[in-house]
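Letter by letter, the sequence shown follows residues 1 to 163 in full-length UniProt numbering.
Virtual Cβ for every residue (Gly too), placed ideally from N, Cα, C.
The structure displayed is predicted, hence computed values, not measured ones.
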Amino acid sequence: MAFDAFDHDKKGSISTNMVNTILGMLGHEVPAQQLAEVIAEIDTWGTGELKFEEFCQLASHFLEEDTDTEAIQQELREAFRMYDKEGNGYITTEVFRDILHELDDALSPEELDMIIEEVDTDGSGTLDYDGEILRDAQVLIRSVFVYAYLTSPAFTLQNSWRS
Numbered sequence: 001m002a003f004d005a006f007d008h009d010k011k012g013s014i015s016t017n018m019v020n021t022i023l024g025m026l027g028h029e030v031p032a033q034q035l036a037e038v039i040a041e042i043d044t045w046g047t048g049e050l051k052f053e054e055f056c057q058l059a060s061h062f063l064e065e066d067t068d069t070e071a072i073q074q075e076l077r078e079a080f081r082m083y084d085k086e087g088n089g090y091i092t093t094e095v096f097r098d099i100l101h102e103l104d105d106a107l108s109p110e111e112l113d114m115i116i117e118e119v120d121t122d123g124s125g126t127l128d129y130d131g132e133i134l135r136d137a138q139v140l141i142r143s144v145f146v147y148a149y150l151t152s153p154a155f156t157l158q159n160s161w162r163s
């Protein structure tokens with residue numbers, strides 16, 4: 001996983017000092033004070049370390065709310081494309097469940113069901129991209145996009161020199 005490229009000690013977390021660098025690589029320049037506030041919110045114990053799930057949670061704070069519908073649709077298409085291996089235009093709710101579990105393994109089966117119920121509005125068992133994404137689901141889907149980006153082979157290759 002690309003996150004491992006920043007986990008030099010292989011302890012399953014990165015230093016909060018690396019966050020600004022990583023966000024910069026994702027194209028987000030964040031003022032130091034704002035970053036410090038969000039890190040304090042995520043790193044509640046003040047350990048100075050973030051696990052992958054915590055980093056995804058932190059990164060989602062800096063994904064801009066985009067009122068440009070076309071840009072949102074394109075971003076979501078790209079995220080779905082990474083998991084739509086067959087090119088069907090959809091992913092199954094089981095695949096989405098696995099993605100959510102990777103993002104937060106503390107989610108209970110009931111919580112996962114609730115999230116999937118919200119996103120799979122027609123109950124088809126698939127999440128297809130039709131441009132009709134619930135506003136509440138956008139943050140969740142953006143988190144999945146961050147996860148997809150950080151674990152993509154292109155990102156891994158781009159940052160493999162850091163290991």
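Which ranges would you report for the alpha helix (DSSP H) in the UniProt domain "EF-hand" (1–29) if only whole runs of at least 4 residues count?
19–25
Residue nearest to PHE52 in terms of C-alpha spacing, selected from MET25, ASP84, ASP7, THR92
Residue 52 sits at position 52 when you count from the first residue of the sequence shown. Out of MET25, ASP84, ASP7, THR92, ASP7 has the C-alpha closest to the C-alpha of PHE52.
Determine which residues share a DSSP beta bridge with TYR90 and list them.
Reading the sequence shown from its first residue, position 90 is the one you call residue 90. ASP128, per the DSSP bridge assignment.
Which of the three DSSP states, helix, strand or coil, is assigned to LEU103?
Along the sequence shown, one-based indexing puts residue 103 at 103. Reduced to three states, the DSSP call for LEU103 is helix.
Can you grab the Cα-Cα spacing for the pair GLY125 / LEU112, in whole Å?
Residue 125 sits at position 125 when you count from the first residue of the sequence shown. Residue 112 sits at position 112 when you count from the first residue of the sequence shown. Roughly 13 Å between the two C-alpha positions.
Please report the residue range of the alpha helix (DSSP H) in which SER60 lies.
Against the sequence shown, residue 60 aligns to sequence position 60. Element bounds for SER60: 52–61.
Limits of the unbroken alpha helix (DSSP H) element including GLY109:
As a first step, residue 109 is located in the sequence shown; it is residue number 109 there, counting from the start. The sequence given here has Pro at residue 109, not Gly. Counting along the chain, the alpha helix (DSSP H) containing PRO109 begins and ends at 109–119.
With DSSP as the reference, identify every bridge partner of GLU49, one or two as the case may be.
Here residue 49 corresponds to residue number 49 of the sequence shown, with the count starting at 1. BP columns for GLU49 point to SER15.
Please work out which residues of its chain come closer than 8 Å, Cβ to Cβ, to GLN58, disregarding the five sequence neighbours upstream and downstream, and give them in chain order.
Indexing the sequence shown from 1 puts residue 58 at position 58. Per the sequence presented here, residue 58 reads as Leu, with Gln not at that position. Result list for LEU58: VAL19, VAL38, ILE39, ILE42, LEU50, in chain order.
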